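Okay, so here's the structure we're looking at.
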Amino acid sequence: MMASLAELLHPYSTQEFLDHNWTKRAIAISSKDQRQFVQLFSWEALTDLLNYHQIPYPDLRLALNGKVLEASENAHLNHWFQQGATVILNQVQKRVPAIAQFAAALKHELGYGTQVNAYGSFPEKQAFSVHYDTHEAFILQIEGTKQWFIFSDTLKYPLPEQKSSSLSAPDQQPYLSCTLHPGDVLYIPRGHWHYALALDQPSLHLTLGVHVKTGLDWLEWMIGELRQSETWREICLSVLI
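Here the sequence shown is numbered in my numbering, starting from 171 and rising by one per residue.
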């Protein structure tokens, strides 16, 4: 079972990735047809989750033509699949033991929280319009092929509340366009705009989200600690007086 960043990035050097890509620039890494993620997930595993588990919205969502459908539409999965909607299943690490082990190993190595979502897409149907995420993302292609377009960031290192929906997408060409095949990996830094399109066959991929802590998180923690201190509460009071 894949259990380290080095294995995920192979054959790309981990040190080169950390020096040139981590939080800075997207990169697509070919597995050279190794199909290295077959033990993690499959269409069969996704079908079992949909058929035999009660998964509430928004952990189970549908998206089509750049929009996420309403929660009520989850009752009509087959209809929307026929229309080409993408199915999104959040937090599959809580439902699939192999993915739980994978996510936990990378969380231990990286030191940051991780979450894995699954995406099943149909040919030539776009789920989301161009957008960015507020976490680091590794795309693991499981089945089929998917074309990705990555654009530069317009807001450096966005915080979780700084969503792309409040900003305009960059008016420029993508700095990276690539087609992922089974076993390939794509890394997208937070804040980098992107969109994707399944090609001539259904596509299944996992997204490993890494929620990096920042200096602001440390400051928020420190403020919480200081709130418990009688001395600091007194100092703040005396300043106001």
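All residues carry an ideal CB built from backbone N, CA and C; glycine is no exception.
Please read these numbers as outputs of a predicted model, since none were measured by experiment.
Nonlocal neighbours in the same chain, by C-beta distance under 7 Å from residue i, ignoring five residues either side
| i | result |
| --- | --- |
| ARG284 | According to the sequence displayed, residue 284 carries Thr and not Arg. Hits under 7 Å: ALA273, LEU276, LYS277, LEU378, GLY379 and VAL380. |
| ILE320 | ALA196, PRO344, TYR345, LEU346, ILE358, HIS362 and HIS364 |
| PHE298 | ALA233, GLY236 and TYR365 |
| GLN311 | LEU350, HIS351, PRO352, GLY353, ASP354 and HIS375 |
Alpha carbon of residue i to alpha carbon of residue j, nearest angstrom
| i | j | result |
| --- | --- | --- |
| GLN252 | PRO293 | 11 Å |
| GLY314 | TRP213 | 11 Å |
| ILE393 | THR184 | 35 Å |
| VAL286 | HIS305 | 12 Å |
| LYS383 | TYR282 | 7 Å |
| TYR227 | ALA241 | 6 Å |
| SER336 | LYS326 | 15 Å |
| HIS190 | ASP323 | 16 Å |
Under 9 Å between C-beta atoms of residue i and residue j
| i | j | result |
| --- | --- | --- |
| ILE197 | LEU346 | yes |
| SER373 | TYR302 | no |
| LEU178 | PHE308 | yes |
| LYS264 | ALA255 | no |
| ILE225 | ASP354 | no |
| VAL266 | LEU210 | yes |
Cutoff 6 Å; reference residue i; Cβ partners in own chain excluding five residues on either side
| i | result |
| --- | --- |
| PRO330 | THR304 |
| LYS316 | LEU350, ALA366, ALA368 and SER373 |
Nearest-angstrom beta carbon gap, residue j and residue i [assumed within contact, 8 Å]
| i | j | result |
| --- | --- | --- |
| SER201 | GLU279 | Going by Cβ atoms, the distance from SER201 to GLU279 rounds to 20 Å, so no, they are not a contact pair. |
| TRP388 | LEU396 | About 13 Å; that fails the 8 Å criterion. |
Chain-order list of residues whose beta-carbon lies under 8 Å from that of residue i (same chain, five-residue window excluded)
| i | result |
| --- | --- |
| LEU232 | VAL238, LEU239, GLU243, ASN244, LEU247, TRP250, ALA255, THR256, VAL257 and ILE258 |
| LEU216 | VAL257, LEU259, ALA288, GLY290 and LEU374 |
| GLN296 | ASN235, GLY236, TYR365, ALA366 and LEU367 |
| VAL262 | PHE211, LEU219, ILE269, VAL286, ASN287, ALA288 and LEU376 |
Assigned exposure category for residue i - 16 Cβ within 10 Å defines buried
| i | result |
| --- | --- |
| GLN206 | buried |
| TRP318 | buried |
| ALA334 | In the sequence as displayed, the identity of residue 334 is Ser instead of Ala. Counting Cβ neighbours within 10 Å, SER334 comes out buried, since at least 16 surround it. |
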